[in-house]
Amino acid sequence: MLSKRRTFLQAGMAAGTLAVAAGAGLLTPRDVLAAWPEQAFKAKKYPDALQALAGSAEPASSDAVKVKAPDIAENGAVVSVTVTTDLPEVENISVFVPVNTFPLSASFEMSNATEGFITARIKMAKTSDVIAVVKANGKLYTAKKSVKVTLGGCGG
Amino acid sequence: MANKMKVRAWIDNGKTTVKAIIFHPMETGLRKDKASGKPIPAHYITEVTCEHNGKSVLGCLWGPGVSKNPFFSFRFSGAQTGDSLKISWVDNQGQTGNSEVKIS
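The listed protein sequences derive, respectively, from chains C and R. For what it's worth, our numbering labels the leading residue of the first sequence as 110, then goes sequentially. For what it's worth, our numbering labels the leading residue of the second sequence as 73, then goes sequentially.
Okay, here's the thing in structure tokens:
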């Protein structure tokens, strides 16, 4: 089943970290993630990042995906974001901040035993939407939350 | 490696909730050292794998946009009290870490 979830991530130009980890015995071959999607993480614009990550830049807006984040984040270096969805067969939840130098923040791959729920803390360079893209049953769904940032978060 | 990560995992009504924090600088590579003006090299976790009884329940692919000392939380089903949860990570400089806890 996991192989279906791995096809979500295309353009897998491994940065070599996967080879190191597999060699160190930390990630067994059966459970290994798709290669770290370098093109997606280095993309400078949100649509390019999403395209590189998911093979498509057109997810459907959905009420079944909820993005919880503060209305105002005092510290852009640490913004807590929770994405939940009750869509069945969630394969992947990814979080983007379009105004960041690198819009793709994080991508999470769910097993079939894992709930459509993830909380993470991300950096925001300035006020922006936080966009969540969920892949469920092969389709892409998206929702977003606008977060106002008073102190930019990339350490500048 | 105990001080590199804190993990709590507990079962409530058949669902295991996991809260974890990994102590890591998550340097973007965009900052400059104030004293020398030289850029601080990028140093961030790229992958995290969370395994229950040897099977991956969550795979994380991270970039420099994840906060320093990243905290994350997720939920999954199918575990029992006393089962083991293992979290392993690797970063862009090839460093690794891992921690194993019992689900309570």
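Think of the CB as a built atom: it goes at the ideal place given N, C-alpha and C, for glycine as much as any other residue. These figures come from a predicted structure and were not determined experimentally.
Query: The ligand GDP heavy atoms versus the CB of C122/R: any closer than 7 Å?; Result: This structure lacks the ligand GDP; in fact it carries no ligand of any kind.
Query: Using a Cβ cut-off of 8 Å (strictly closer), state whether S216/C contacts chain R.; Result: yes
Query: Which residues in chain R have a C-beta closer than 7 Å to the C-beta of V206/C? List them in chain order.; Result: G137
Query: Ignoring anything shorter than 3 residues, give me the beta strand (DSSP E) runs that lie fully in the stretch 175-261 of chain C, in order along the chain.; Result: 188-194, 199-205, 213-219, 223-231, 237-245, 248-258
Query: Using DSSP's beta-bridge definition, name the partner residues of P111/R.; Result: K104/R
Query: Measure from the C-beta of W134/R to each C-beta in chain C and report whether the shortest distance is under 8 Å.; Result: yes
Query: Closest to K127/R by C-alpha separation, out of I93/R, S160/R, G86/R, would be which residue?; Result: S160/R
Query: Kindly say whether R80/R, judged by its beta-carbon, lies nearer than 8 Å to any beta-carbon of chain C.; Result: no
Query: So A245/C and V176/C are in contact, right, with Cβ under 8 Å, and what is the actual spacing, rounded?; Result: Wrong, their Cβ atoms sit about 15 Å apart, outside the cutoff.
Query: What did DSSP end up calling E167/C once you bin it into helix, strand or coil?; Result: coil
Query: Taking 6 Å as the limit between beta carbons, can you name the residues of its chain near C122/R, skipping five residues before and five after?; Result: V129, L130, I159
Query: Have a look at E218/C and K106/R and give me their C-alpha separation to the nearest angstrom.; Result: 37 Å
Query: Going by other Cβ atoms of all chains shown within 10 Å of its Cβ, with 16 needed for buried, is T259/C buried or exposed?; Result: exposed
Query: Distance cutoff 8 Å, beta carbons only. Does P146/C sit that close to anything in chain R?; Result: yes
Query: Let me make sure I understand the geometry here. Which of V256/C, L162/C, A163/C has the alpha-carbon closest to that of V239/C?; Result: V256/C
Query: Note down, in chain order, all residues in the stretch 149-170 of chain C with a beta-carbon under 8 Å from any beta-carbon belonging to chain R.; Result: F150
Query: Return the first residue and the last residue of the beta strand (DSSP E) that A81/R is part of.; Result: 77-84
Query: Just the Cα atoms here: how many angstroms apart are Y116/R and K87/R?; Result: 30 Å
Query: Take every Cβ of the stretch 156-163 of chain C, pair it with every Cβ of the stretch 217-233 of chain C, and state whether three or more of those distances are shorter than 8 Å.; Result: no
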